[in-house]
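First to last, the sequence lines map onto chains A, B, C and D. In the numbering used here, each residue's number is its place in the first sequence (first place is 1) plus 87. In the numbering used here, each residue's number is its place in the second sequence (first place is 1) plus 3. One point on numbering: in the numbering used here, the residue at position 492 of the third sequence is 483, and numbering is uninterrupted. In the numbering used here, each residue's number is its place in the fourth sequence (first place is 1) plus 6. All residues carry an ideal CB built from backbone N, CA and C; glycine is no exception. The model shown is predicted, which means the values in this text are computed figures rather than measured ones. Each remark here refers to the structure printed beneath this line.
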Amino acid sequence: MIKKRIICAVSVLLVLAALLWSATLVLEPKYASQSREGNLVAEYYGEVDAGNTHQVLFVGDCEVYESFVPAVLWEKYGITSYVRGSAQQLIWQSYYLLEEMLKYETPEVVVFNVLSMKYGDPQNEAYNRMTLDGMRWSKSKIGAINASMTDEETFASYIFTLLRYHSRWSELSGEDFKYMLSRPQVAYNGYMIQTGIKPMESEREGDELFDYTLPSVSFDYLDKMRELCAEKGIELVLIKSPTNTWKYWWYDEWDKQICDYAEQYGLDYYNFIDNEEIGIDWSTDTYDGGVHLNVFGAEKMTDHFGKLLVKQYGLESLKNDPDIAKVWDKKLSEYKTAKQDMMEVSVKASSSRQ
Amino acid sequence: MKKILIFALVALMSMSLFCACDGPQIDGKLKYSFFTGETEIFPGDEAAVILAALGEPKAYDESPSCAFEGLDKVYTYSGFEIQTYTEGGKDYIYMIVLTNDLVKTPEGISIGASKSAVIEKYGDQYTSVGDNLQYEAENCTLQFIFRDGKVSSIKYTAKV
Amino acid sequence: MSFASISFIIFLGATLLLYYLVPKRAQWWVLLAASYIFYFAAGSWYLPFIIFTTLSSYAVARLMANNSSRESAYIAENRENMDKDARKAYKAGQKKKRFHILLVGIVLNFGILAVLKYTGFALHNVNALIGVFGGVKLGIPSLILPLGISFYTFQTMGYLIDVYRGKTEAEKNVFRLALFVAFFPQLVQGPISRHSDLASQLYAPHRAEWGNIVPGMIRICWGFFKKLVVADTVMIVIKEIVSDTGKYGGAYVLFLIIAYSVEIYADFTGGIDVTIGIGEAMGIKIAENFNRPFASTSTKEYWNRWHITMGSWFTDYVFYPLSITKSMQRLSKWSRAHLGNAVGKRVPVYTATIITWFLTGLWHGASWNFIVWGLLNCLVILISQECQPLYNKLNKRFPRLTKSTFWTLYLRAQTFMIMGTIRILDVYRNVPVTFKMLGSIFYDGRGWQSFLSGGMLSLGLDISAFIVVAVGILLMLAVSEISSRGDRPLKNRLADKPLAAFGCMAILIFAILIFGSYGIGFDASQFIYTQF
Amino acid sequence: MEKLIEILTDLHPDVDFATEEGLVDNGILDSLDIVTLITEINDKFDVSIPAEEIIPENFNSAAALMALIEKLDEE
């Protein structure tokens, strides 16, 4: 009798676990046609599993994954790189992502975009999910979750994502089943191609602020990032991407605080806003009225930054290494094909609209 | 004896008739709003009705978010601006910014007022950074930003 | 730590495990510790209040018990030199002493409840009066209201009165009494148990038995299903309708009546299922609080089936004592003499009924909504009482009709609608608004039109959610129907077949996890729900 | 006893109170009936039934009720 009961209990439990596990796979958002940025963080593991390492790693928010094109850095300078950006990546998320990556590889340069310095508190559950769900379990992920959770979130819902996504059952689509086991590729070494053009029209500037002091917690994490890099002999470079629209305005008062910090610790900080050498044309190089660069703007930005990497940090071309060259030439051609395809699609779309 | 009880009961019940008018939970919470013409705007309110009442803005700007569809929008009127945010398919008032001295807050403060005038009207329950003053209400925070000792900007920000 | 939370599930699992692992003598200590941890987690500020109730009741009951035993000893000693009258007089004197002790206990504890729960309400009313006559309004202090204070106070006062009446023994061990007062499964929402039913079970040793644990777990799962899948989902619609009284009139109010009935049934019986299920898993039989309330054919019957333990508390400790007090009997005599037999007979019953329902309303919450709610219930009960001869006539005239299933179903529907209509006083802001909205059923054509042209789907739930709720309702109906037929509850029958028992639990858990209204996605303030 | 049956029949004309033994358990008498009954009994028998005696066992049958009245009368 007892044996039968135990067998029943165990077998039902196994079936239930299997059911819940498959339900989780189906119900998790696939970020395939909407909010594709949700797949960015997880794509890095493809590089890890393939054994690829990089000379340069980028961390930060949309201003990195829409501004730097690793394929172009390779094409023009033979530099290998990866952009581990994600939508509204907060600085503690950047720190933990970096900590995680440095367990797999040691680059020569780490680049951090400073826009997220303005946030001192957890911001938004949806963005948290897009950055954190994609991470593999590690100490870094636990740290990132704990640092990022908003009041309404629970740690358990990161372990059992079903607790978070169960209510999607009524809005499932074919996509959810199609990408149940493997997600669609959305980026090329972390760069997300955007081929649309929507000129910047608004002359609007940011509002006056009540308090221009950047949150101290941001500097705490910047400290940690700096120490982490110093420990491993990596050059940490701070940048501010060239975009500057009213909603994501970069104030001179903020810039001064970053400059002071960089000076104090002997870091390099490049503010690319209004940098004419890059050659950004705000009537053609943005896809959303100046909030982000499109692929044309990003390639210009990348070219400019590549020059800097070579000149200032002495990064050498790896094109002579046949193994690396093989991998990266393939990446380059994939990128070019994808870019071509998307341009054709957007040309068609705009011509059909007329 | 029982008659007294019944009488008391009837009295209680009749009392309920006027007590119930505003219910037992009287809204004693502090809320700030902004008045323009006939329209009272509370930060956090749904935007559609208010925007319709305000008529055509002088200028309109919008800005997308990082990954999501919704837009943050700013409507410029003479004397003030309204920023909205999108939630669940609807727009809500996120921020009201007073931009010149043609308009003032219901409490009577406009751009150019002195710090002592603000404190006189709004009291001393503020937090400050430098000269700037911030007041907290149930529905929003109200900030007075000073330049050269005069209010240069007044901002209502909804608590989201 | 609410029942529907991960921390409670973990807490419950740990408690159960520990409960069956420790030596049987120590089991009740585990329950006491768990109960205090549970209460402490709810709010550390609550503890002094429950401890005060425990200690004061302990003292009062002990004093009464000591007095009783002294009384018996004295009588036994002086049996010879006391005649019957002397004995009677002595006994009456002692009883009066005990009554005064009891009174101290009751006034103290209900005093705390009254001050914490009703001060604000009373002051608001005083202020309203001041507002009418002019004058300075009083400041209203914000007092903390300890979790479950209405429930544990009532249960404990029931205990004191039972000790006074000699229905139960006064507890000798203060820790045992502490457990009776704070027993965690029923602390938050009842049932209000009787000391003579519950106490000895709490302290008795319990062996881990399949026949307790498995049915208990099934009942817990079922309770969570009702709460999370049905009640919390329907709540979304209710909140929406109540939030905009201008927009949602007419048919929406009718819909609200039904929706709120479903919500409160699923919510309250679900919670009680969890409570009783926990008790059962520990081998403790907690009093049933519901007996298929919506199968009632009259309001009176409904109140014998809904929130049973509260109803019987008010009957035993308020209604009966009140209606047989000397002054009430005098009132009866007086009205018989002056108003005739028919009226005189009714006076004490009706007076006591009205007062009891007034207090029942007040117990539910400190607002006029609840008081009016209570009095309306009373009104319906008294009217149907007066109509009883009419029903009897009807039964005689149309025996076939009134014995038919159709008639029973009609009466059930009628009772359901009457109770539902009164109940929406719970959800609207105040009494006038409630009546205005009820009125709108008859004249708000715009509301009807909007509802009939698909307005139901704009209330925050899409069609698939409504289907889930409908399936949930059908399941509840089926379970209630099947349970009422067999000789044993459904879950006990299920427990005979291990596969069926575990399968049933697994299905319920799966359904709760997927279809339950919990977590961020269901919070309407979250834009992510519409964005993903 | 006759006096008692009369009172009871007055409450529920259709019940045979001489034989019925589950007046409370079977839901024939509800709380309103019981209070009416007590009022009547107190009046007609000149006793006073205290609250602690209002338990189902005392009200389930006319005989039990009669026994209660006699007991109270004796005291």
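Checklist line | chain D residues whose Cβ lies nearer than 9 Å to that of Leu315/C | finding: Translated into the one-based positions of the third sequence, residue 315/C becomes position 324. Per the sequence shown, residue 315/C should be read as Ile rather than Leu. Simply Val41, Ile44, Thr45, Asn48, Ser54, Ile55, Pro56, Ala57, Ile60.
Checklist line | Simplified DSSP assignment, three categories, for Val201/A | finding: By 1-based counting over the first sequence, the position of residue 201/A is 114. Helix at Val201/A.
Item checked: Contacting positions in the stretch 274 to 301 of chain A - beta carbon closer than 8 Å to chain B -> Ser289, Arg291, Asp294, Glu295, Leu296, Phe297, Asp298, Thr300
Notebook entry, point to check: What number of angstroms, rounded off, separates the C-alpha of Asp341/C from the C-alpha of Ala77/C?
Noted result: Here residue 341/C is taken as the residue at index 350 of the third sequence, counted from 1. Here residue 77/C is taken as the residue at index 86 of the third sequence, counted from 1. Per the sequence shown, residue 341/C should be read as Tyr rather than Asp. One C-alpha to the other measures close to 38 Å.
Check: Phe71/B CB to nearest chain A CB: under 8 Å?
Finding: As a first step, residue 71/B must be located in the second sequence, where it is residue number 68. Cβ-Cβ to chain A under 8 Å: yes for Phe71/B.
Notebook entry, point to check: Start and end of the alpha helix (DSSP H) containing Phe38/B?
Noted result: What you label residue 38/B is simply residue 35 of the second sequence in a count that begins at 1. Careful: Phe38/B lies outside any alpha helix (DSSP H), inside the beta strand (DSSP E) at 37 to 39.
Margin query: For Phe(-6)/C, report the span of its alpha helix (DSSP H) as first-last.
Written below: On the third sequence, residue -6/C is found 3 positions in, with the first residue counted as 1. Per DSSP, Phe(-6)/C belongs to no alpha helix (DSSP H) and is neither H nor E.
Notebook entry, point to check: Taking the alpha-carbon positions, what's the Val106/C to Arg150/B distance?
Noted result: Position 115 of the third sequence, counting from 1, holds the residue named residue 106/C. Position 147 of the second sequence, counting from 1, holds the residue named residue 150/B. Taking the straight line joining both Cα atoms gives about 52 Å.
Item checked: Residue from Ser59/C, Ile204/C, Asn58/C whose Cα sits closest to the Cα of Leu3/C -> Locating residue 3/C in the third sequence gives position 12, where the first residue counts as 1. Out of Ser59/C, Ile204/C, Asn58/C, Ile204/C has the C-alpha closest to the C-alpha of Leu3/C.
Next item on the list: Going by CA-CA distance only, name the one from Ile75/D, Ala73/D, Asp79/D, Asn66/D that's closest to Asp22/D.
Entry: Counting from one through the fourth sequence, the residue named residue 22/D turns up at place 16. Of Ile75/D, Ala73/D, Asp79/D, Asn66/D, the residue nearest in Cα terms is Asn66/D.
Check: Based on Cα-Cα distance, which residue from Ala274/A, Lys163/A, Tyr245/A, Pro209/A lies nearest to Gly125/A?
Finding: Against the first sequence, residue 125/A aligns to sequence position 38. When each option's Cα is compared against that of Gly125/A, the closest is Ala274/A.
Check: Does DSSP put Val371/C in a helix, a strand or coil?
Finding: Residue numbering aside, residue 371/C sits at position 380 when the third sequence is read from its first letter. Correct three-state label for Val371/C: helix.
Next item on the list: Give the C-beta separation of Glu27/D and Lys158/C to the nearest angstrom, bearing in mind that I take them to be a contact with Cβ-Cβ under 8 Å.
Entry: Counting from 1 along the fourth sequence, the entry for residue 27/D is found at position 21. Counting from 1 along the third sequence, the entry for residue 158/C is found at position 167. Not confirmed; about 23 Å, so no contact.
Check: According to a CB-to-CB cut-off of less than 7 Å, which residues of the stretch 155 to 186 of chain A neighbour chain B?
Finding: Ala174, Gln175
Next item on the list: Look at Leu355/A and Ala349/A and say whether their C-beta atoms are less than 8 Å apart.
Entry: Along the first sequence, one-based indexing puts residue 355/A at 268. Along the first sequence, one-based indexing puts residue 349/A at 262. The sequence given here has Asp at residue 355/A, not Leu. It is a contact, given that the beta carbons lie within the stated cut-off.
Check: Quick one: Cα of Asn524/C to Cα of Gly130/C, how far?
Finding: The structure shown does not extend to residue 524/C, since chain C is modelled only from -8 to 523, so the question has no answer here.
Note to self: Less than 7 Å between C-beta atoms, sequence neighbours within five positions excluded: which residues of the same chain meet that for Arg53/C?
What the structure shows: Position 62 of the third sequence holds residue 53/C. The residues are Ala161.
Next item on the list: Please name the residue in Glu258/A, Arg216/A, Trp224/A, Arg223/A whose C-alpha comes closest to that of Thr241/A.
Entry: As a working mapping, residue 241/A is identified with position 154 in the first sequence. Closest by alpha carbon: Arg216/A.
Check: Can you tell me the Cα-Cα spacing of Tyr63/B and Lys238/C, whole angstroms?
Finding: Taking the first residue of the second sequence as position 1, residue 63/B is located at position 60. Taking the first residue of the third sequence as position 1, residue 238/C is located at position 247. Rounded to the nearest angstrom, the two C-alpha atoms are 31 Å apart.
Note to self: Just to confirm before moving on: does the CB-CB distance between Leu29/D and Val53/D stay below 8 Å?
What the structure shows: By one-based count along the fourth sequence, residue 29/D stands at place 23. By one-based count along the fourth sequence, residue 53/D stands at place 47. Not in contact: Leu29/D and Val53/D (Cβ atoms no closer than 8 Å).
Check: For Pro27/B, does the three-state DSSP call read helix, strand or coil?
Finding: Residue 27/B sits at position 24 when you count from the first residue of the second sequence. Residue placement at Pro27/B cannot be trusted, given a pLDDT of 26 that sits under 50; what the coordinates show is reported in the next sentence. Coil, per DSSP.
Notebook entry, point to check: Which residues share a DSSP beta bridge with Gln146/B?
Noted result: In the second sequence, counting from the first residue as 1, residue 146/B sits at position 143. Gln146/B pairs with Gln137/B, Lys158/B.
Next item on the list: Tell me whether Thr25/D sits in a helix, a strand or coil according to DSSP, three-state version.
Entry: Residue mapping note: residue 25/D aligns to position 19 of the fourth sequence, counting from 1. Note: Thr25/D maps to coil in three-state DSSP.
Next item on the list: Say whether chain C places a C-beta atom closer than 8 Å to the C-beta of Glu239/A.
Entry: Here residue 239/A corresponds to residue number 152 of the first sequence, with the count starting at 1. True, the Cβ-Cβ gap to chain C drops below 8 Å.
Checklist line | Cross-chain neighbours of Asp36/D in chain C, by beta carbon under 8 Å | finding: Taking the first residue of the fourth sequence as position 1, residue 36/D is located at position 30. In chain order: Lys291, Asn295.
Item checked: Selection from Asn362/A, Cys95/A, Pro409/A that minimises the alpha carbon distance to Thr328/A -> Here residue 328/A refers to the residue found at position 241 when the first sequence is read from its first residue. Per the sequence shown, the amino acid found at residue 328/A is Ser instead of Thr. Comparing Cα positions, the closest option is Asn362/A.
Next item on the list: Between the Cα of Leu450/C and those of Tyr37/C, Ile209/C, Thr224/C, Asn100/C, spot the shortest distance and give me the residue it belongs to.
Entry: Within the third sequence, numbered from 1, the residue matching residue 450/C stands at position 459. If we check each option's Cα against that of Leu450/C, Thr224/C comes out closest.
Checklist line | Boundaries (first-last residue) of the alpha helix (DSSP H) holding Glu322/A | finding: Stepping through the first sequence from its first residue, residue 322/A is reached at position 235. Note, Glu322/A: premise wrong, no alpha helix (DSSP H); beta strand (DSSP E) at 322 to 327.
Checklist line | Minimum C-alpha distance to Ile40/D - residue among Asp478/C, Leu313/C, Pro423/C | finding: Here residue 40/D is taken as the residue at index 34 of the fourth sequence, counted from 1. When only C-alpha atoms are compared, the closest one is Leu313/C.
Margin query: To the nearest angstrom, how far is the alpha carbon of Gly261/A from that of Asp238/A?
Written below: What you label residue 261/A is simply residue 174 of the first sequence in a count that begins at 1. What you label residue 238/A is simply residue 151 of the first sequence in a count that begins at 1. For Gly261/A and Asp238/A, the distance between alpha carbons rounds to 33 Å.
Next item on the list: Spell out the partners DSSP gives Leu74/B in its beta bridges.
Entry: Here the question's residue 74/B lines up with position 71 in the second sequence. Paired residues: Pro67/B.
Check: How long is the line joining the alpha carbons of Ile229/A and Thr218/A, rounded to whole angstroms?
Finding: As a first step, residue 229/A must be located in the first sequence, where it is residue number 142. As a first step, residue 218/A must be located in the first sequence, where it is residue number 131. Those two C-alpha atoms are separated by around 13 Å.
Checklist line | Leu193/C and Leu22/C closer than 8 Å at C-beta | finding: Against the third sequence, residue 193/C aligns to sequence position 202. Against the third sequence, residue 22/C aligns to sequence position 31. A contact, by the Cβ cut-off of 8 Å.
Check: Cα separation between Tyr335/A and Gly293/A?
Finding: Translated into positions along the first sequence, residue 335/A becomes position 248. Translated into positions along the first sequence, residue 293/A becomes position 206. So the two alpha carbons sit approximately 8 Å from each other.
Notebook entry, point to check: DSSP state of Phe145/A, grouped into three classes?
Noted result: Taking the first sequence and counting its residues from 1, the one referred to as residue 145/A is at position 58. Residue state, collapsed to three classes: strand.
Check: beta strand (DSSP E) containing Met98/B: first to last residue?
Finding: Here residue 98/B is taken as the residue at index 95 of the second sequence, counted from 1. 93 to 101 is the span of the beta strand (DSSP E), which, as asked, contains Met98/B.
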